[in-house]
Structures are given as C-alpha cells and as structure tokens.
Amino acid sequence: MYPAQLFAALMPALGWSLLHFVWQGVLIGWAASLALHLLRNARPQARYAVACAALLLCAALPLGGTVWRVLEAARGYGAAPVMTAIALPAGDVVAAAIGPAALDTDQLVSWRYLLQRQLPWLVLLWACGAAVMTLRLSMGLLWVRDRTMASRHAGDPHWQRRLDQLARRLGLGRAVRLAMADGLDGPMTAGCWKPVVLVPASLITGMPPDLLEALLAHELAHIKRHDYLVNLVQSAIEILLFYHPAVWTLSRRIRVEREQIADDLAASTLGEPRRLALALTELDRFQFSTPQLAHAAHGGNLMSRIKRLVRPASEPLSWKIAAPLLGLCTACAVLYAHAAPAVDAPVAPATPALDAPAPPPPPVMDVPAVPAPPKPVSAVPAVPAVPAAPAPPAPPAIPAPPAAPPAPAPEDEHASAGGAQAWRSPRGQGGAITFGHLSINYNAKDAYAVKRGDGYVSVHVGRGDMEEVRRLDGAVKGDFIWFRDGGKAWLIKDPALLAKASAAWAQSDALNQKMKEQNQVMEQHNKAMAALGDRMQALSEQAARQVRGERHGKIERLAREQEAVARKMEAVARKMERSRDTGADREALRREMETLETRMEPLKRQMGQLSAELGKMHGDMAATHAPMEALSAEMREASKPLRELGAKMGELGREQGRLSREADQTVRALIQEAVRNGRAEAIPAPKG
Numbered sequence: 010m011y012p013a014q015l016f017a018a019l020m021p022a023l024g025w026s027l028l029h030f031v032w033q034g035v036l037i038g039w040a041a042s043l044a045l046h047l048l049r050n051a052r053p054q055a056r057y058a059v060a061c062a063a064l065l066l067c068a069a070l071p072l073g074g075t076v077w078r079v080l081e082a083a084r085g086y087g088a089a090p091v092m093t094a095i096a097l098p099a100g101d102v103v104a105a106a107i108g109p110a111a112l113d114t115d116q117l118v119s120w121r122y123l124l125q126r127q128l129p130w131l132v133l134l135w136a137c138g139a140a141v142m143t144l145r146l147s148m149g150l151l152w153v154r155d156r157t158m159a160s161r162h163a164g165d166p167h168w169q170r171r172l173d174q175l176a177r178r179l180g181l182g183r184a185v186r187l188a189m190a191d192g193l194d195g196p197m198t199a200g201c202w203k204p205v206v207l208v209p210a211s212l213i214t215g216m217p218p219d220l221l222e223a224l225l226a227h228e229l230a231h232i233k234r235h236d237y238l239v240n241l242v243q244s245a246i247e248i249l250l251f252y253h254p255a256v257w258t259l260s261r262r263i264r265v266e267r268e269q270i271a272d273d274l275a276a277s278t279l280g281e282p283r284r285l286a287l288a289l290t291e292l293d294r295f296q297f298s299t300p301q302l303a304h305a306a307h308g309g310n311l312m313s314r315i316k317r318l319v320r321p322a323s324e325p326l327s328w329k330i331a332a333p334l335l336g337l338c339t340a341c342a343v344l345y346a347h348a349a350p351a352v353d354a355p356v357a358p359a360t361p362a363l364d365a366p367a368p369p370p371p372p373v374m375d376v377p378a379v380p381a382p383p384k385p386v387s388a389v390p391a392v393p394a395v396p397a398a399p400a401p402p403a404p405p406a407i408p409a410p411p412a413a414p415p416a417p418a419p420e421d422e423h424a425s426a427g428g429a430q431a432w433r434s435p436r437g438q439g440g441a442i443t444f445g446h447l448s449i450n451y452n453a454k455d456a457y458a459v460k461r462g463d464g465y466v467s468v469h470v471g472r473g474d475m476e477e478v479r480r481l482d483g484a485v486k487g488d489f490i491w492f493r494d495g496g497k498a499w500l501i502k503d504p505a506l507l508a509k510a511s512a513a514w515a516q517s518d519a520l521n522q523k524m525k526e527q528n529q530v531m532e533q534h535n536k537a538m539a540a541l542g543d544r545m546q547a548l549s550e551q552a553a554r555q556v557r558g559e560r561h562g563k564i565e566r567l568a569r570e571q572e573a574v575a576r577k578m579e580a581v582a583r584k585m586e587r588s589r590d591t592g593a594d595r596e597a598l599r600r601e602m603e604t605l606e607t608r609m610e611p612l613k614r615q616m617g618q619l620s621a622e623l624g625k626m627h628g629d630m631a632a633t634h635a636p637m638e639a640l641s642a643e644m645r646e647a648s649k650p651l652r653e654l655g656a657k658m659g660e661l662g663r664e665q666g667r668l669s670r671e672a673d674q675t676v677r678a679l680i681q682e683a684v685r686n687g688r689a690e691a692i693p694a695p696k697g
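Heads up: the sequence shown at position 481 corresponds to 490 in the numbering used here, and the numbers run straight through without jumps.
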C-alpha cells in the first residue's frame with residue numbers, strides 16, 4: 010500500500026474506531042462499575058487492577074479497531090481480481106464491472122453513509138482536542154521539570170539519611186534523592202529512572218519530624234510501585250480518548266485506589282497507621298491544587314483516606330449498583346436481539362432479495378391557496394408561495410435476477426471456469442480449444458491437462474502453460490494427459506489411465522450440464538421480469554408527462570406576478586401606517602392601494618382556475634396508481650421462481666465445487682501412479 014493509500018485508509022479507519030468507542034466505552038464503564046462495586050470491601054489492589062485493566066481495554070479497542078480496518082483496506086488494495094477472457098464469460102465480466110458501482114438508494118441516505126461523509130471533520134475535531142490535551146500534559150511536564158531543576162542543589166543531609174533508611178525498609182533498590190522546592194503544597198515524587206522526592210521547605214521547618222517521615226514513606230511507596238510511569242501512560246490514554254466520560258471516571262478511580270495502596274504500604278512500613286492519618290491531617294493546612302503529573306501525599310479524597318486509616322469499615326451495598334447493572338442487561342438484550350436469526354422469513358443464502366418494492370403512493374398535488382384580499386392599512390398581504398409541481402411517481406426498482414453461482418474453485422486458484430468453454434491462442438495459431446474445466450494458477454509448480462476427443466476434460470495450468478497445451482493439441486494425436494512437475498513436462502497416453510481420468514470428471518460434467526439447464530430457465534424468467542419493468546417504466550413516464558407541461562409554467566408566472574403586486578401593497582400599507590396626516594398624501598396612498606387590489610383580483614381568479622385543473626390532474630394520476638400496483642404485485646409473483654432457482658443454483662454450485670476438488674485429487678493421484686509405473690514419457694523442452 011502506497012503512502013497516499015495508507016492515509017486514505019487511515020482516516021476512515023480512525024474515524025469509525027472513535028465512533029464505535031462511544032458505545033464500547035459505555036459498556037466497559039458499566040462493567041467496571043459493577044466489578045468495582047462488588048469489590049468494594051476487597052483490598053485496594055484488586056480494585057486498582059480492575060480499573061487499570063478497564064482503562065487499558067478502552068485504549069486497546071480503538072487502537073485495535075484502527076489497525077484492523079487499515080489491514081482490511083490494505084488487503085482490499087492488494088486483492089485486485091485478475092480478469093481474463095478464459096475465466097469469465099462476457100456477461101459475467103459486464104456484471105462484475107457494473108455491480109460494485111450500483112449503489113442502493115437506501116444506502117446513500119442511511120445513517121452510515123451520512124456518518125461516512127462526516128468522518129474527516131470528526132477526525133479533525135478529535136485531533137484538535139487531542140492537541141489541546143497534549144499541550145496541557147506538556148505544560149505539566151515542564152512545570153515538574155522546572156521544580157526538579159530548581160531544587161537540584163537544595164537538599165537536607167539529615168532528611169536525606171532518614172529517606173534512605175525508609176527506602177531500605179521498603180525494599181527500594183534505587184537511590185532516591187531528597188530536595189527542597191518552593192511553590193509546593195506537599196511532598197511529591199518526580200522522575201522514572203532517577204526519582205526525586207520534592208518537599209516544601211515550610212514542611213521541613215513547620216511539621217513534626219515523625220509526621221513528615223510518614224509523608225515521605227507515602228512518597229517512597231509511589232516510587233516502589235512505579236506510579237509516576239503508570240500515571241504518564243494513564244495521561245496518554247486520557248489524551249487519546251478525552252471525549253468519553255468513562256475514561257475520566259476510570260482514571261479518577263485509579264488515582265483514588267493508587268493513593269489508598271500507597272497509604273497501606275506506608276502504614277505497614279511505619280507500623281502506625283494513625284501516624285500517617287495525623288500527617289495527612291497536618292498536611293491539610295497546606296493543601297491547594299497541584300498538577301496530577303507528580304504524585305503527592307495529598308492526592309485523592311484526603312478526608313476519606315484519613316477515616317480509612319483511623320477506622321476501616323466495610324461499605325454496604327448501594328443502590329448506585331442498579332445503574333450499571335441495568336445498563337449491562339439492556340446491552341445484552343440489544344445484542345441478543347441483533348444477533349438472533351430471523352426465522353419468519355428465511356432468505357436463500359446465495360440469492361439476492363427479489364421482492365419488488367411496493368408501488369409509490371400517488372403524488373400529492375400542492376393546490377395553491379387563493380390569497381385573501383389585503384386590508385387597506387392594518388393587514389399586510391402575505392406573499393403567495395409558488396406552488397410546487399407534483400413530482401411523478403418513481404417506478405419501483407426492477408429486481409435483479411440472481412446470477413448462477415460458479416462452482417467454488419480450489420483454494421490455490423486465481424482464475425477458474427466450468428462448463429464448455431473455448432480458448433483461442435493469443436498468437437492466432439489455429440482454431441479454438443474447447444475444455445470442460447479450466448483453472449489458472451500463476452504460482453503453480455505443477456500443472457496438468459486431460460485431452461479427450463476434440464477438447465479437454467480438465468486443464469489446470471500456470472502462467473505460460475496454455476501455450477504448451479496449444480502446441481501439444483496439434484502435435485500429439487489421440488487422447489493424452491500432459492502434466493508438468495516443476496520444470497519437467499510429461500505425457501501419458503495409457504488408455505486405462507485416460508479412462509479413469511475421464512470418469513473422475515463424469516459426475517462434475519453431468520452436474521455442470523444440469524446447472525446450464527437451470528441457467529436457461531432463469532434467463533427466461535429474467536426476460537419476463539425485464540418486460541414487466543419496461544411496462545412499469547412506461548406508466549411512470551406517462552405520469553411524469555401529465556405533471557409536466559404548460560400549466561406548471563403558468564402557475565409559476567402567476568405566482569411571480571402575485572408576489573410583485575403583494576410587495577407593492579405591503580409597501581403602500583407601511584407608508585399608510587407611518588403617515589399621520591389626513592391630507593392629499595394619504596388619499597393618494599389609498600387610491601394606489603385600490604388600484605393594486607384591482608390588479609390582484611384577476612390574478613387570483615386565474616390561480617383558482619389553474620388550481621382546479623391541477624386537482625383534476627391529481628385525480629387522473631391517481632387512476633394510474635392501480636395499474637402500477639397491479640404490475641408491482643405481478644413482479645413480486647414473478648420473482649418467487651427466481652428465488653427458488655437461485656437457492657437451487659447455490660446448492661448445485663457447492664456440490665460442483667466438491668466434485669471438482671475430488672476429481673482433481675483423483676487425476677493427480679493417477680498421474681503419480683503413472684510416474685511410478687513408468688507409463689509417463691518425458692517431453693523434451695521446446696527449442697527456442
């Protein structure tokens with residue numbers, strides 16, 4: 010796939026993945042809420058694992074969906090069919106060329122088509138939002154970097170030793186640096202490979218040493234668990250899926266559980282949960298907003314953490330569990346209903362829908378209302394709307410007859426054809442070769458052809474082998490089997506083996522003849538359907554001619570004249586409203602209004618006459634509705650045999666494929682037997 014093709018495939022793939030994540034994220038959020046509520050009295054590590062797994066699944070679904078759709082598009086670009094005159098009859102080639110271009114009208118107006126057209130804008134909006142979120146993350150990283158760089162040389166040897174002792178008690182094998190920094194409201198950690206614990210100078214001087222030690226133990230717990238790196242990954246997922254509330258809910262829950270895990274780890278190291286609770290209470294004096302990129306001891310809900318450390322209590326079952334539970338049940342019901350097979354109207358697997366659509370209702374004629382005469386001053390006449398010409402009824406779509414499904418080809422074939430076909434040498438050497446079964450595999454390492462009488466029973470060849478078969482057809486007399494194994498060609502003329510090879514294809518030939526007879530019957534039905542379609546088209550054109558004509562032009566012309574007069578009347582009425590004198594000016598305006606009313610009267614009468622004529626035309630067109638409905642019913646009846654024939658042809662095609670594979674295996678076994686028994690003679694390579 011070229012870069013331009015990759016970009017063209019990536020845009021819709023990303024757009025559809027982002028759209029599908031809307032409902033996927035809802036389901037993940039509901040399932041995670043249910044699991045977290047069931048684990049409300051478990052250890053925070055379990056809830057943390059569930060929330061992290063749900064958030065990772067949120068990131069994996071859009072990413073996997075995008076990759077899958079791009080790969081599908083790449084396979085579509087690389088799987089261009091090889092069309093040859095040998096593989097397809099002329100009618101099938103035309104159908105294959107026209108079929109993909111024929112878009113159903115319902116598909117064009119469907120929601121999926123409408124969304125497809127908006128995907129570039131959707132991806133653009135998502136990219137803008139992701140860029141804003143990336144800028145927010147970058148500013149936070151710069152904020153942490155500035156605090157870390159400013160405190161590089163500001164440390165306290167005494168507290169560095171106590172921090173090292175705590176790190177050894179926690180089992181940390183890495184060196185952790187302690188530094189003092191300004192502009193912080195509590196201790197925080199920064200860095201993945203060279204972690205640093207930043208402590209405000211006011212805490213070192215103003216907090217009791219044992220309480221500050223408890224806060225440092227909490228920060229070391231974050232370092233031990235690599236929470237800084239995990240939080241960066243978490244922030245990246247928030248950037249990519251910023252538009253979904255489930256992502257923010259899960260992310261917030263992860264941070265709450267992370268702080269509780271760090272509290273438990275610090276309390277177990279200190280051996281005094283109450284001391285950590287007192288330290289958090291003391292820290293509450295210094296609390297204000299801090300970026301979430303670095304972990305601080307005051308993260309999460311501070312009061313709930315203090316209560317949990319002082320008095321752990323089990324959480325009762327809450328009514329809030331009903332919302333995600335009800336949502337999951339509804340989603341399961343919808344998925345079950347969507348996946349349930351329709352048992353009322355089974356459709357043949359290989360046959361397209363053949364029911365002719367119901368005839369369209371008779372067109373509704375818009376009869377223009379006669380505008381009321383305007384009042385002299387108080388009422389301004391409304392401008393009469395131009396009456397819309399009634400659209401002619403669209404003819405029902407003519408059902409396409411189902412094509413006879415070809416026999417399934419072996420898995421390694423690139424082009425195949427069944428039935429009596431003819432192939433002419435591209436170099437114009439002699440007449441045509443007739444064959445019963447032909448397959449062309451451009452990558453085949455072995456090939457064979459079974460000659461019988463005037464034609465070939467079966468030909469399975471690779472690139473360039475058809476020229477060799479054409480040459481042997483004139484050079485070798487009688488029946489034979491030609492085959493190629495790698496670069497060496499062989500010829501078999503043993504009558505017994507030839508008879509077995511012909512018998513191997515006998516059942517397939519008989520079934521192929523039956524399929525041709527069925528195809529002829531289908532062609533007769535297709536002709537009948539085409540005749541009905543022509544009649545339906547003629548009725549539709551007749552209705553359209555009734556609508557079109559000079560009446561429509563007269564209505565438009567009268568409507569424009571009425572509109573011009575009405576605008577003048579409106580202008581005069583406004584002048585009369587603004588005029589407060591009763592002199593000659595007002596009298597002139599009144600006379601002008603009367604003149605305009607006089608001009609409007611004949612226009613209204615003419616419009617009424619045309620409206621009556623349109624009403625009569627409406628009745629005439631309604632009379633054509635009955636024949637169209639009868640034709641539509643006749644087309645539905647005529648399509649039923651086609652559906653049955655299509656289903657039968659599908660079964661015959663599958664059986665033909667099975668018989669062809671069995672016959673091919675039998676012939677190849679006979680060829681191997683001839684080679685072992687010495688009944689195959691080598692053919693010298695042609696001199697070039």
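Every residue gets a Cβ at the ideal spot worked out from N, C-alpha and C, and that includes glycine.
Please read all numbers here as calculations on a predicted model, not as lab measurements.
- Can you tell me which of W202, V676, V31 and L224 puts its alpha carbon nearest to the alpha carbon of L285? L224
- Burial state of L193 (16 or more Cβ within 10 Å): buried
- Distance, P129 Cα to K497 Cα: 56 Å
- Write down the C-beta distance between A226 and L279 rounded to the nearest angstrom, noting that I regard them as a contact closer than 8 Å. 6 Å
- Can you give me the Cβ contacts of D219 inside the same chain, cut-off strictly under 7 Å, excluding the 5 residues immediately before and after it? R284
- Query: According to DSSP, what are the bridge partners of W499?
  - Reply: F492 and A691
- Item | Inter-stretch contact (C-beta, 8 Å, three-pair minimum) for the segment 37–46 and the segment 227–234 | no
- Query: In terms of residue numbering, what span does the alpha helix (DSSP H) encompassing A206 cover?
  - Reply: Per the sequence presented here, residue 206 reads as Val, with Ala not at that position. Where V206 is concerned, there is no enclosing alpha helix (DSSP H), although the beta strand (DSSP E) it sits in stretches over V205 to P209.
- With 16 as the cutoff for other CB atoms within 10 Å, does C137 come out buried or exposed? exposed
- Item | Whole-angstrom C-beta distance between W135 and L15, which should lie under 8 Å | Rounded, the Cβ-Cβ distance is 19 Å, inconsistent with contact.
- Residue burial classification, I264 (beta-carbon count within 10 angstroms, cutoff 16): According to the sequence displayed, residue 264 carries Arg and not Ile. The residue is buried, with at least 16 neighbouring Cβ atoms inside 10 Å.
- Residues that L187 bridges to, as DSSP identifies them: V206
- Opening and closing residue of the beta strand (DSSP E) in which D455 lies: D455 to R461
- Extent of the continuous alpha helix (DSSP H) run through V265: P254 to L279
- Item | Nearest-angstrom Cα separation, counted from V79 out to Q301 | In this predicted model, Q301 has a pLDDT of only 42, less than 50, meaning its place in the structure is not dependable; the value taken from the coordinates is given anyway. Going by the C-alpha atoms only, they are around 35 Å apart.
- Message: Check whether the segment 597–612 and the segment 573–582 are in contact - that is, three or more C-beta pairs closer than 8 Å.
- Response: yes
- Query: Taking V684 as the reference, which of L47, W491 and V242 has the closest Cα?
  - Reply: W491
- So what does DSSP say about S147, is it helix, strand or coil? helix
- Query: Taking all protein chains shown into account, do 16 or more other C-beta atoms lie within 10 angstroms of the C-beta of V76, making it buried, or fewer, making it exposed?
  - Reply: exposed
- Determine the DSSP secondary structure at F251, reduced to helix, strand or coil. coil
- Boundaries of the alpha helix (DSSP H) in which H235 is found, first to last residue: Element bounds for H235: n/a, residue is neither H nor E.
- Rounded C-alpha distance that separates L640 from G655: 23 Å
- Query: Exposed or buried, which one is G624 when buried takes at least 16 other CB atoms within 10 Å?
  - Reply: exposed
- So I246 and V256 are in contact, right, with Cβ under 8 Å, and what is the actual spacing, rounded? 7 Å
- Message: Going by beta-carbon coordinates alone, are P53 and I270 separated by less than 7 Å?
- Response: yes
- So is Q243 buried or exposed if we call it buried at 16+ other beta carbons inside 10 Å? buried
- In whole angstroms, what is the alpha-carbon distance linking D488 and R645? 51 Å
- Item | Beta-carbon spacing of R56, E266 below 7 Å | yes
- Range covered by the alpha helix (DSSP H) that runs through A51: Premise fails: A51 is in no alpha helix (DSSP H) and is neither H nor E.
- Message: Give me, in chain order, the residues of the same chain whose beta-carbon lies closer than 8 Å to that of R608; leave out the 5 immediate sequence neighbours on both sides.
- Response: V574
- Query: How would you label V31, buried or exposed, when you count the other beta carbons within 10 angstroms and need 16 or more for buried?
  - Reply: exposed
- Looking at C-beta atoms only, is the number of pairs between the segment 172–186 and the segment 198–218 that lie closer than 8 Å three or more? yes
- Integer Cβ distance of W499 from A691, believed to fall under 8 Å: 6 Å
- Message: If you measure between the beta carbons of V132 and L292, is that distance less than 7 Å?
- Response: no
- Message: Tell me which residue opens and which closes the alpha helix (DSSP H) that D173 is part of.
- Response: P166 to L179
- Message: Between the alpha carbons of R595 and R569, how many angstroms are there, rounded?
- Response: 28 Å
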